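Take any residue in the sequence shown, count from 1 to its spot, add 11: that is its number in the numbering used here.
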Amino acid sequence: MTTEEKVILLAIYKKEVGESLKDVLLVLENSRVFGLKEGKRLLKKLKEEGYIDEGELTFKGEAAARAAEAEFKL
């Protein structure tokens, strides 16, 4: 899994109630993590791999997000 994919999963894990996946991608774009087009491509890949379903993290996605959170902590 790439660092960018981990960042997306962690951002979705930490999103506020009522925020959509597009909102998360826009925040990451504004933070200059990657462009919106790249974010959409990565999001599609994560959906195909079973990390995201119906706009929410699956159990697999949540476990990967928690692992990414632990990895990114100093």
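Backbone N, C-alpha and C fix where the C-beta goes; we use that ideal spot for every residue, glycine too. This one's a predicted model, so the numbers in the text were calculated from it and none came from an experiment.
- For Gly72 against Ile63, the beta-carbon gap comes to about 6 Å, under 8 Å, which counts as contact.
- Fewer than three beta-carbon pairs drawn from the stretch 72-81 and the stretch 38-55 are found closer than 8 Å, and the two stretches are therefore not classed as touching.
- When only Cα atoms are considered, Ile23 and Glu59 end up about 16 Å apart.
- In terms of CA proximity to Ser31, Leu54 leads the group Leu54, Phe45, Val44.
- Here Val28 is exposed: its Cβ has fewer than 16 other Cβ atoms, across all protein chains shown, within 10 Å.
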